[in-house]
Amino acid sequence: MPTEARDIVESCNDCHALAAPLPAGVNPRCLRALEIWQTDVTQIAEFGWLKYVHVTVDTFSSAMWASAHTGEKARDVIAHWRQAFAVLGIPSAVKTDNGPAYAFQKVRQFLQLWGVSHKFGILHSPTGQAIVERSHGTLKQVLQKQKWGMQGETLHSWLAKALYTINHLMVPQNSNNPVILNHHLSLQASDKMHQPRAKVQVRNLVTKQWEGSYDLMASGRGYACISRDIGVRWEPAKCVRPDLRLQRENPANRQAGDSDQNESHQVDEPSSDDSDADDVSDHSDGHSTNRN
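Counted from 1, the sequence shown has number 5 at position 21 by the working numbering; the numbering is strictly sequential.
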C-alpha cells in the first residue's frame, strides 16, 4: 500500500514535486523523538507582515512545527518554541545557528527554565542545519500546492493545513507510518523503557541451578525473552521463574523497622503500671495531708 501511494503521488502533476520528508542526510539523526530539534527562520513573501516563518523539526521523526511572526527577534523565537512545546513536547536539546536572536540572554534563560540545552551549528557552515533547511523547501512546496484552495482563509489557517499535510499525510521513505505517528510511537517506547521491569531467574540446564536476577523483556505461551549480561535471549518458560528474593527481603526490613519503632515508643512513653503507681502515690499523699 505505501508503494502504491508513492506511485500515485509521483504520477500526479500537482503532487510529484512533494517528495517524502527529510531523508537522512548530512546531519546524523537521533535514536528517539524529542532528543534534538533543529530550528531556523525562513521568509515567505505571500504572508506579508507575517513573512518571518520560524520552523522547528525533530531530527528523529521529522515532525515539524512552524509559526508566522513579524520578525526574528528573541521574543519571536520564544513564542515559536512555546507553541512547538505544546504540540510536539519538550525536547532535550535544540540546535540553531549563531544568529543574534538565538544568542540573546532571554532565549538562554527561557531554555534553562524548561531544562533544554542549546547547541549552535558551525559558524558560516550551510550544512550545520541541513535537516531544517530541507524542511523549508518542503513547507514552501506544500504551501504553494495548497495556495488556490485556501483563498479567503487566514495565513494561520493556510499554514496549519500545510503542517497537517506534512505531519499526518506524508510517509517517510524508511517507514510505513506518517511522520506524527512515528513521533508518538517513539515517545511511547521511551516511556516503556523507563518503567521498571519484572525480575526473573533462569535455570542453567547444565548445572541445574537457578541463576541471576534478570529483566523480563517479554513473555508468552511457552517462552520468555530475558535481558542477560550476554545480551537478550529467548528462554523456555519452564526455565524461568519470578525472582521473589527482593520482595521477601523488603517485608523483613519493614518488620524490623516497625519493631524498632515500637521499642522506641515503649521507651519514650510511660507504662500503664508506672502511671497507676503514680496515681496511687498521689492519692496517698492527699490522704495523709487531710489527716494532718
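The C-beta atom is built at its ideal place from N, Cα and C for all residues, glycine as well.
Nearest to residue i (by Cα), restricted to the options the options
{"i": "V216", "options": "V116, Q193, L200, G83", "result": "L200"}
{"i": "R229", "options": "G196, F44, H53", "result": "G196"}
{"i": "Q125", "options": "H102, M154, S101", "result": "M154"}
{"i": "V71", "options": "I164, Q22, S141, A146", "result": "I164"}
{"i": "M48", "options": "E30, L18, W33", "result": "L18"}
{"i": "I20", "options": "G55, W65, V91, S101", "result": "S101"}
{"i": "P360", "options": "V25, T26, Q27, F44", "result": "Because the chain spans -15 through 276 in this model, residue 360 falls outside it and cannot be assessed."}
{"i": "W98", "options": "A146, K35, W65, T80", "result": "W65"}
{"i": "N158", "options": "K183, N166, N151", "result": "N166"}
{"i": "N151", "options": "H168, H140, R187, L139", "result": "H168"}
{"i": "Q89", "options": "G73, I62, G206", "result": "I62"}
Inter-residue spacing [alpha-carbon to alpha-carbon] between residue i and residue j
{"i": "V224", "j": "I214", "result": "17 Å"}
{"i": "T122", "j": "D60", "result": "22 Å"}
{"i": "T149", "j": "P162", "result": "10 Å"}
{"i": "Y86", "j": "V41", "result": "16 Å"}
{"i": "I115", "j": "G83", "result": "17 Å"}
{"i": "L171", "j": "H120", "result": "25 Å"}
{"i": "K57", "j": "L95", "result": "15 Å"}
{"i": "W33", "j": "T54", "result": "6 Å"}
{"i": "I210", "j": "V190", "result": "18 Å"}
{"i": "D227", "j": "G204", "result": "18 Å"}
{"i": "Q185", "j": "A173", "result": "25 Å"}
{"i": "T277", "j": "Y36", "result": "Because residue 277 is not part of the residues shown, which for the chain are -15 to 276, the question remains open."}
Cβ-based burial, residue i [other Cβ within 10 Å; buried from 16]
{"i": "W218", "result": "exposed"}
{"i": "A68", "result": "buried"}
{"i": "P75", "result": "buried"}
{"i": "H38", "result": "buried"}
{"i": "S137", "result": "Per the sequence shown, residue 137 should be read as Glu rather than Ser. By the 10 Å Cβ count, E137 comes out exposed."}
{"i": "K79", "result": "buried"}
{"i": "E30", "result": "exposed"}
Opening and closing residue of the alpha helix (DSSP H) in which residue i lies
{"i": "T122", "result": "114 to 129"}
{"i": "V71", "result": "58 to 72"}
{"i": "L97", "result": "89 to 98"}
Limits of the unbroken beta strand (DSSP E) element including residue i
{"i": "T53", "result": "A small fix is needed here, since residue 53 is His in this sequence, not Thr. Taken as a continuous stretch (DSSP letters only), the beta strand (DSSP E) holding H53 covers 48 to 53."}
{"i": "S141", "result": "Where S141 is concerned, there is no enclosing beta strand (DSSP E), although the alpha helix (DSSP H) it sits in stretches over 139 to 148."}
{"i": "F104", "result": "101 to 104"}
{"i": "D199", "result": "194 to 204"}
{"i": "K222", "result": "Taken as a continuous stretch (DSSP letters only), K222 belongs to no beta strand (DSSP E), as it is neither H nor E."}
{"i": "S211", "result": "207 to 212"}
{"i": "T80", "result": "77 to 80"}
{"i": "R16", "result": "Element bounds for R16: n/a, residue is neither H nor E."}
CB-CB length for residue i against residue j, believed under 8 Å
{"i": "L127", "j": "A52", "result": "Not quite, the Cβ-Cβ distance comes to about 11 Å (not below 8 Å), so this is no contact."}
{"i": "G105", "j": "Q113", "result": "5 Å"}
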